[in-house]
Amino acid sequence: MTTDIRAAATAILVRDSDKGIETLLLRRHTQLKVGGGHWVFPGGTVDPEDTVGTETDEQAARAAAVRETQEEAGIELRAEDMLLLSHWTTPPTMGRRFATWFYLVEGNQADVVVDGEEMDDYSWGAPSYFLDLHRQGELALMPPTVVTLTELAGCVTLIGAKQFYTSRAVPYFEPRISSHNDVICMLYGGDAGYDTTDPNADGPRNRCYLEDGVWRYDFSAS
Numbered sequence: 000m001t002t003d004i005r006a007a008a009t010a011i012l013v014r015d016s017d018k019g020i021e022t023l024l025l026r027r028h029t030q031l032k033v034g035g036g037h038w039v040f041p042g043g044t045v046d047p048e049d050t051v052g053t054e055t056d057e058q059a060a061r062a063a064a065v066r067e068t069q070e071e072a073g074i075e076l077r078a079e080d081m082l083l084l085s086h087w088t089t090p091p092t093m094g095r096r097f098a099t100w101f102y103l104v105e106g107n108q109a110d111v112v113v114d115g116e117e118m119d120d121y122s123w124g125a126p127s128y129f130l131d132l133h134r135q136g137e138l139a140l141m142p143p144t145v146v147t148l149t150e151l152a153g154c155v156t157l158i159g160a161k162q163f164y165t166s167r168a169v170p171y172f173e174p175r176i177s178s179h180n181d182v183i184c185m186l187y188g189g190d191a192g193y194d195t196t197d198p199n200a201d202g203p204r205n206r207c208y209l210e211d212g213v214w215r216y217d218f219s220a221s
């Protein structure tokens with residue numbers, strides 16, 4: 000049976016602080032059957048209303064990111080201010096699949112108001128702080144969030160983050176799941192083992208490991 004892939008969009012809000020950049024994460028309501036309790040960037044599926052007045056799928060995704068951020072966090076964004084940084088497609092083995100556009104956008108100082116239905120909490124924090132909590136098992140994150148936070152952790156300012164993402168081609172992630180040393184391994188394009196789904200292949204790394212319920216991103220250019 001073929002699983003339909005739904006278009007979706009996510010907004011990564013980033014702002015400068017005295018201690019470096021901060022980003023916004025929302026917690027999916029703990030009572031939700033899918034992803035309940037996970038901390039995520041604002042976003043959701045592209046609805047028919049998001050396609051009105053747009054000419055491309057990517058433009059509709061920007062509209063969805065704007066709408067979802069307002070609905071989930073009470074923050075108003077502008078589609079033209081968002082920088083496309085990546086695109087993720089859920090692996091075929093997953094029951095629900097999404098093709099999600101990830102956008103970087105400057106966060107503002109407005110109060111965050113979670114909707115109380117899909118999201119029940121929020122937090123602004125340094126990307127490294129969220130990753131540390133995840134490694135300690137105190138913050139549930141999914142691989143795309145871990146990868147994005149890891150990239151942001153290497154940026155000092157919002158301008159630096161924009162420079163990093165504009166200096167590379169936008170990656171389209173289509174994960175392939177395997178096992179390495181009895182640990183689930185999710186391979187991404189550019190990894191030496193991606194084409195053959197062989198995590199033992201020698202060469203560059205671009206993958207996530209699931210270790211004791213915690214995702215760890217491993218990237219090396221050579």
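Per numbering that gives the first Met the number 0, residue 0 is the first one in the sequence shown, and the count goes up by one each step. The C-beta atom is built at its ideal place from N, Cα and C for all residues, glycine as well.
* Asked: For Pro-126, is the classification buried or exposed, using 16 other Cβ atoms within 10 angstroms of its Cβ as the cut-off for buried?
  -> buried
* Asked: Looking at the unbroken beta strand (DSSP E) that takes in Ile-176, where does it start and where does it end?
  -> DSSP places Ile-176 inside the beta strand (DSSP E), whose first and last residues are 175-179.
* Length of the line joining the Cα atoms of Gly-73 and Gly-189 -> 37 Å
* Asked: Taking Ser-219 as the reference, which of Asp-3, Thr-149, Asp-49 and Gly-159 has the closest Cα?
  -> Thr-149
* Asked: Taking 6 Å as the cut-off, does the CB of Thr-196 come closer than this to any heavy atom belonging to the ligand NAD?
  -> What this structure holds is no ligand at all, so the ligand NAD is not there to describe.
* **Same chain, Cβ closer than 6 Å to Ala-6, neighbours up to 5 away in sequence not counted** => Val-45 and Ala-98
* To do: Give me the Cα-Cα distance between Val-182 and Arg-215, rounded to the nearest whole angstrom.
  => 11 Å
* Between the segment 101-110 and the segment 79-86, are three or more C-beta pairs nearer than 8 Å? -> yes
* To do: State yes or no: is the beta carbon of Leu-76 nearer than 7 Å to at least one beta carbon in chain B?
  => This model lacks chain B altogether, as it is built from one protein chain only.
* Asked: Per DSSP, Tyr-121 forms a beta bridge with which residues?
  -> Leu-25
* Can the beta-carbon of Pro-142 be found closer than 7 Å to that of Met-185? -> yes
* For the segment 9-19 and the segment 62-71, state whether three or more C-beta atom pairs, one from each stretch, are separated by less than 8 Å. => Yes, they touch.
* Asked: According to the neighbour-count rule (16 or more other Cβ atoms, all chains shown, within 10 Å of its Cβ), is Ile-158 buried or exposed?
  -> exposed
* Asked: Among Asp-217, Val-213, Asn-199 and Asp-197, which one has its Cα closest to the Cα of Arg-206?
  -> Closest by alpha carbon: Asp-217.
* To do: Quick one: give me the first and last residue of the alpha helix (DSSP H) that Gly-218 is part of.
  => Note that residue 218 is Phe in the sequence shown here, rather than Gly. Phe-218 -> not in any alpha helix (DSSP H); beta strand (DSSP E) instead, spanning 213-219.
* Local conformation of Ala-62 per DSSP, three classes -> It is helical.
* Asked: So what does Arg-206 bridge to, in DSSP terms?
  -> Leu-186 and Asp-217
* Would you kindly report the start and end of the unbroken beta strand (DSSP E) that includes Leu-83? => 82-88
* Asked: Pairing CB atoms from the segment 167-181 with CB atoms from the segment 191-202, are three or more of them under 8 Å?
  -> yes
* Asked: Would you call the segment 160-169 and the segment 48-64 touching, i.e. three or more CB-CB distances under 8 Å?
  -> no
* Asked: Comparing alpha-carbon positions, which option in Glu-71, Glu-70, Pro-90 and Thr-53 lies nearest Glu-79?
  -> Thr-53
* Run the CB neighbour count on Asp-211, radius 10 Å, all protein chains shown included, and call it buried at 16 or more, exposed below. => exposed
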